[in-house]
Structures are given as C-alpha cells and as structure tokens.
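Right, one structure below, let's go through it.
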Amino acid sequence: MWPERYPAACNRIALHVTASNFEYYEVLEYKEFRVLIPDTLEETIGYSELCPTVLKMHRDICCHLKGDKTKPA
Numbered sequence: 001m002w003p004e005r006y007p008a009a010c011n012r013i014a015l016h017v018t019a020s021n022f023e024y025y026e027v028l029e030y031k032e033f034r035v036l037i038p039d040t041l042e043e044t045i046g047y048s049e050l051c052p053t054v055l056k057m058h059r060d061i062c063c064h065l066k067g068d069k070t071k072p073a
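Quick note: the sequence shown uses the UniProt record's numbering, first residue 1, plus one each step.
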C-alpha cells in the first residue's frame with residue numbers, strides 16, 4: 001500500500017541506510033567487507049519492510065497536526 005504510493009520516500013530511506021553502512025565499510029579491508037555483505041542486505045531489507053509503517057505513522061501525525069478529522073487511508 002504505502003510503498004506503491006510513496007516509492008521515492010521508501011527508496012530514500014533505504015538509500016540513506018545503505019549509504020551510512022558503506023561509509024562505515026570504507027575503512028574495512030575487502031575480505032572484512034565481503035563477510036559483512038549478507039548482514040547489510042538483511043538489514044536493508046528490514047528497513048525496506050519497515051518503510052510502510054513509518055510512512056503511515058507520518059501521515060497519521062500530519063493529519064492530526066493539520067486538524068484533519070478524516071482518517072488516513
């Protein structure tokens with residue numbers, strides 16, 4: 001539902017997390033980096049799955065702050 005409506009926001013969150021990880025990984029040797037790739041993938045997938053929940057929370061808060069009496073979809 002949410003990722004389809006706001007794909008750019010979900011992509012930005014996943015990209016930010018991935019970029020943060022790579023800043024850390026830049027100091028590692030190749031062998032150390034290679035070992036951590038599966039963990040990075042798992043973490044990135046987790047954030048991607050969390051995006052719809054975060055976006056719904058954001059929309060609920062925005063509706064509340066704007067005084068919108070209708071329930072968000």
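Backbone N, C-alpha and C fix where the C-beta goes; we use that ideal spot for every residue, glycine too.
So, are the CB atoms of L36 and Y25 less than 8 Å apart?
yes
Look at the alpha carbon of M1 and the alpha carbon of P52, and state the distance between them as a whole number of angstroms.
Confidence in M1 is poor, its pLDDT being 46 and thus under 50, which makes the residue's placement unreliable; the coordinate value appears in the next sentence. Spanning the two alpha carbons is a distance of roughly 7 Å.
In the region 32 to 65, which residue ranges form an unbroken beta strand (DSSP E) of at least 3 residues, counting only runs that do not cross its ends?
none
Between the alpha carbons of R34 and S20, how many angstroms are there, rounded?
16 Å
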